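Numbers -18 to -1, 1 to 276, taken from mature numbering (1 follows the signal peptide of the UniProt record, and there is no 0), label the letters of the sequence shown in order.
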Amino acid sequence: MCSTATRLLTFVLTFTHALPNTQNPLLQPGTSSPNDLTTATATWGYHYHSGPLSWHRLSPANTLCKTGFRQSPINIHQGLRRPTGLKLRRGDYREYGILENEGQTVSIRPQEEDAKYGYQLYPGDSAGGGGGIGEGGGWALLDTMHFHTPSEHHLDGEHFVGEIHAVFKTIDGQTTVLSTLLDIDTTNSNHFLTTLHPWLPFVTTPLTATFVRFDPSPILDRFYRAYRRERVYTYRGSLTTPPCTENVLRLVSQEPEKISVEHYRRLKAITKFNARYPQNHPGYMNLLEWACEK
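In structure tokens form, the structure reads like this:
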């Protein structure tokens, strides 16, 4: 977000500290139709000719979506390795983050001035071969968290109602993504989801955003506890959205977090269907290329 907008947001918080039921959208929706594929926010999606089967056709930059041998998401199974040497250092956020409807997902991120105080991740030797994050010994900062409904990763063939991606980046742009699956509970949600629930009505329209109270610890701390119990798998994959960049370290927890029926319905009404189909096992031929072989 540009510095002018950031100053405006800070002004709003400093002088009003508005509660969720009085908060106005910080960004206004664009005038373009969501079906207009010429707009920057609608060049790709999850349906029709802009869906995952056609991402490689939408731009030369998306070639890996068709040809990549290490694409995400995948079906998680017992043969995948467990991460070792992982460290997660809790952040010291000042209170607020920015919740945004990006068009294809809902994301939440720390304010720019707070980012350097945020959660830090050290992957240890989890990265395996192929270079990139972890082997240089650097720490990565939490960049953003976003949602997919239904889940993108599967566990032994089972899909879940949703998935949270916590994206960590180093200064030089290397990326690690922690995936937490979501499972339905009749009444209860993880506290992180409970905190976000009152704010979701303010980002129902694409390209709108608002301030929220931001504390990712209920998700990230539980992810780290799952790692300590050897309940996390890792592999080197890709972004699950265009341009499908590879050499992304993926860590997926086997322990789903709970989301209540009410919270799930409100979330999926905004994100709708935004999950890429599972890809081939890392290192094997891309499924699109395999399907087109004669």
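Backbone N, C-alpha and C define an ideal beta-carbon position, used for all residues, glycine too.
A quick note: this is a predicted structure, and the numbers were derived from the prediction, not measured.
Burial state of histidine 147 is buried, judged by a 10 Å Cβ sphere holding 16 or more other Cβ atoms.
Beta-bridge annotation (DSSP): leucine 137 is paired with Ile58 and Glu140. Per DSSP, reduced to three states, the secondary structure at proline 65 is coil, with no helix or strand assignment.
In this model, valine 185 and glutamate 275 are separated by some 43 Å (Cα to Cα). Per the coordinates, the alpha-carbon of leucine 189 lies some 25 Å from the alpha-carbon of cysteine 47.
Ranked by how close their Cα comes to the Cα of tyrosine 78, the residues Tyr30, Glu94 and Ser133 have Glu94 in first place. Judged by DSSP secondary structure, serine 89 falls within the beta strand (DSSP E) whose first and last residues are 88 to 92. Beta-bridge analysis with DSSP links histidine 128 to Ser89 and His147. For serine 41, there are no CB contacts under 6 Å within the same chain when 5 residues up- and downstream are skipped. Shortest Cα-Cα distance from glutamate 140 to any of Gly27, Leu160, His179 and Leu164 involves Leu164.
In the three-state scheme derived from DSSP, where H, G and I count as helix and E and B as strand, tyrosine 101 is classed as coil. In the displayed model, phenylalanine 196 falls within coil according to three-state DSSP, outside both helix and strand.
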